[in-house]
Structures are given as C-alpha cells and as structure tokens.
Amino acid sequence: MEVLRAFVTDVYPQAVGLGTVAGMAILLSIPSLVWHSKHRNFAPAYLIACILIMNIFNFVNPIIWPNDRFDEWFNGVGLCDIHSKIIVANSTSLPAATLCILKKLADVMETNKINLAPSKAQRTRRAAIEGFLCIGIPVLTMILHFIVQASRYAIIGVSGCIPVLSNTWLSVVFIIMPPTLLALVNVYFAVLIMVRLRVYRSRFDTLLSASSTTKSRFLRLFLLSLTFVVIVFPIQVFLTFKNWPRNPQPYSWESTHNYRQWRNIGYLPSLGQVLVDRWVQVGCGYLVFIFFGLGKEAKDMYKSWALTVGLGGLAKFLPKKTTRARSSDTGRSSVLVKARIVFLSSFSSKSYDKTSFSNSTNATSVADLEMQSITCTTTVTSDHTDRSLLNEKPEPAVTRDTASDVDGSGKWSSMSKMIFPVWRRGERYNGR
C-alpha cells in the first residue's frame, strides 16, 4: 500500500483526456445515428448506438474514478452491474453488426441475387437474421456470462467497471472465442467484397444502379466496415491468446457461484493508465463521424437543423439540400411522363386516319418516354428493395482487454490484465 501511495494523485491526466475525447465522440456520433435511424438502416444504426453507449461510459467513468484512492471510491453498485454486462454483450454485438453490413454489401456485388422487389417473406427473413445476429447473440452472451461469472465485477481506476470470468475452459467457449469467430467471418466477407469488386469492376456502376445506391454510399459503408475488420481482427486475435486461461480449473457451479466470494468487488490500481479497449471505442466514434458525418446527406441534415433552431446564417456555409429534392422531382417527372403517354396515346387513336405518319413518330417518342418512365420508377421504388441498407430511404472496434489470474488463487480472473494486488471490500459493501 505504501508503494501505491506514491502513484496516487487527485486526478490522473489520462482521466481528463479520456473524458474529453469520449465526450466529443458522443457528440460526433449522434448525427450519424439519427440519419441511419431515420432511414431505417438497422445494422449501421445498431453499430453506431453500441459505440455511442460505450463512449457514454467512457465519459462518465473517469469522472467517478479519476484516481486510485480506493477508500474514496464509489463501489459501483448498479452502474457496474449494468456496464459489465454491456461490455460482455458488446464483445459480440460490434462484430455481429459489422457482419450484417458486410453481408449486404456482398449481396450488392452478387450478380445472381439482384432482387428489385423482395417479397414480404424475404424481408421478414432478412430482418430475423439481422435481429438474431445483432440482438440475439449479445443477449445469449450475457446469459452465458452469468454461468462463468465468478465475482460480481471489478473496478479499475480511470477505466471503471470490468467484468469478471472464472478461470475455466467454459469461459473460453462462452465468452472468449465467440468474438474471434465473428471477426473471422467478417474477414471472409471483406475479402469476398474485394474479390467481387475486382471481378465485376467493369460492371460496378451497373450493379450499384440495380440496387439503387451510389458509389459514395457503398464505399463509405465498405471502408468503415473494412477499417473495423483491419483494426479489430488483429487486436481480437491478440486478446484471445492473452485471455486464454492459465492453469484452468475444473468448472464447478458451487465454487463459481459461492455467494461469499461472488459479492466481493475487486479494486484495481491503474497507475494512471487507461485500458486499451477504451481508446479503441473512442476511435470508433471518430471513424463513424469521418465516414458518415461528412457526407452530403449529413450536411443536408446539419443545414435543416440549423434552420430549425434559427441559425440560418450558418446554413449558407453548407451545400444546398438537393438529394431528396431530386428524388421527389424524379417521382413527379415519372408521373408526368406517364400522363403524357396516356394523353398522346388517346390523341393518336382519335386522329389515326388523318395523321398516320405523325402517329408513327409519336409512337417512337412514346416508347422513349416509357423507357424514361421505367428508369425513373425504378429509382423511386427501389427504396424497398433488398438493398435497403444502402438506399437513401431505408441507408472496435471494441475489444476486451486480457484476462489473467489476479489473486493467484486461480478462482477468478477479470477481462483486463491485472498485475496489481486486488483490494476487496466485501464487508464494507454491505454497509454502503
């Protein structure tokens, strides 16, 4: 304890830094979340929401635990119970959401799966798969974590709450391996998309037109997902090996869920350092803004917000909002073209005997107008196609730090590398 007092300070500099950059990441992530939610892009909105929630905790935790003074710490009851479960769920929810995005992008580049009008059953099936990946797997992970949860939670300075695992092979199967397996699947789809981009590079614009998306929107989604894969996968593999149990013990429900042991809360000194996964979460928030917060759609939304709150002077510095107007103009022109076709056809049938040559000319014009009508109609109705993720109407990487045996007993370990002594206040917890 005397050694630790030399490192204790009122507020660690990294606590100030983490809280500041996390707060900025929260503000920068909100517009992208609003835009994707408004256009019912479930997987991107879910991914951004997960990152946003983790950065909220990254903003709050340094305020609550800015140093290593254990006697002054809040014991985290309630807050850490929730946060530790969210950390476990996010270990699978982030790669699962990325998988949904990559899968849809791969389908866009699949020439055998162009479907402009999916049936209700197909839409239901797609929604069920996304729901299982993004919600079902994380919920299942939280349930399985309870089976191997040897202690309520632990708290480390600055970074805050961390979940605890038993030092058994069951922890590997339930908690450690699933994120790595999902990351491997993400790598597969990322490589598949790159292969298809190379094979179908001459037809790239045609495939995007068939799915009614733009090259910019496709590339932004793909580059964001690819960045997550490139960043998350190496870190995830590294943490998998580092989290691997050392001298694992046989699993026992009675030993793991011993109430006297389970109620104890571990207090860990940080010595002013922040866990690496917290910085990764903050970085993901900035990546979301770079890829989605600087696009034309986002700028249009910023302009509408500025006009709504009476900041019209700022709106003039933003580009004119033209995207949605073009869509509506296209729809209106499609209706006008169809009306003109009907009018010309009716007029030609009444005066066929007198203007046969003119009718043949009109027929050619009508055919051209019909082709225009088909093109315009496809652009509008494709908002309901199987590529809804990429359309305007419907359209970290979080890692867990390493596990190690903190008290040398081999009975439990946390999801962070704990090389310092653990201070427990089980009896004090009951009175607080």
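Residues 7 to 438 (our numbering) are what the sequence shown spells out, left to right.
Here a beta-carbon is modelled for each residue, glycine too, at the ideal position from N, C-alpha and C.
Every value quoted in this text rests on a predicted model; they were computed, and no experiment measured them.
Look up residue i in the DSSP assignment and give the residues it is bridged to.
i: Ile161; result: Cys167 and Tyr273
Does the distance from the C-beta atom of residue i to that of residue j stay below 7 Å?
i: Asn192; j: Pro101; result: yes
i: Leu39; j: Ile54; result: yes
i: Ser43; j: Pro169; result: no
i: Ala160; j: Gly272; result: yes
i: Ala103; j: Ala49; result: yes
i: Pro240; j: Thr98; result: no
i: Val288; j: Val27; result: yes
i: Ala156; j: Thr262; result: yes
i: Asn249; j: Ile182; result: yes
i: Gln20; j: Val280; result: yes
Measuring only the C-alpha atoms, how far is residue i from residue j?
i: Arg132; j: Phe195; result: 17 Å
i: Met115; j: Phe298; result: 21 Å
i: Lys305; j: Gly29; result: 21 Å
i: Leu232; j: Ala127; result: 30 Å
i: Ile296; j: Lys110; result: 21 Å
i: Leu34; j: Ser310; result: 17 Å
i: Met307; j: Val294; result: 16 Å
i: Lys423; j: Leu108; result: Reliability fails at Lys423, whose pLDDT of 40 lies under 50, so the model's placement of it is uncertain and the value that follows must be treated cautiously. Straight-line Cα distance between these residues: approximately 32 Å.
i: Leu225; j: Asn47; result: 16 Å
i: Leu230; j: Phe152; result: 33 Å
i: Thr147; j: Thr314; result: 42 Å
i: Gly337; j: Glu303; result: For Gly337, the pLDDT reaches just 43, beneath the cut-off of 50, and the residue's location in the model is therefore unreliable, although a value from the coordinates is still provided. Distance between the alpha carbons of Gly337 and Glu303: 19 Å.
i: Val238; j: Cys106; result: 16 Å
i: Phe234; j: Trp79; result: 35 Å
i: Asn270; j: Val83; result: 11 Å
i: Ala51; j: His45; result: 9 Å
i: Phe244; j: Ser125; result: 43 Å
i: Arg129; j: Leu300; result: 30 Å
i: Asn264; j: Arg158; result: 11 Å
Comparing the CB of residue i with every heavy atom of the ligand SAM, is any distance shorter than 6 Å?
i: Val294; result: With respect to the ligand SAM, the structure shown offers nothing to examine, as it has no ligands at all.
Roughly how far, in whole angstroms, is the beta-carbon of residue i from the beta-carbon of residue j, given that I think they are within contact range, below 8 Å?
i: Pro275; j: Trp175; result: Not confirmed; about 30 Å, so no contact.
i: Asn64; j: Arg266; result: Contact flag wrong, Cβ pair sits at about 32 Å.
i: Leu203; j: Ala112; result: The Cβ separation is near 10 Å, so there is no contact.
i: Ile62; j: Ile36; result: Ile62 to Ile36, Cβ: 11 Å. No contact.
i: Ser177; j: Val145; result: No, Ser177 and Val145 are not in contact; Cβ-Cβ is about 18 Å, not under 8 Å.
Taking 7 Å as the CB-CB limit, is residue i close to chain D?
i: Gly163; result: Here there is only one protein chain, and chain D is not present.
### Query
Contact between the region 158-168 and the region 52-72: three or more CB pairs below 8 Å?
yes
### Task
Assess, as a yes-or-no matter, whether the region 254-269 is touched by the region 129-149 under the definition of 3 or more beta carbon pairs within less than 8 Å.
no
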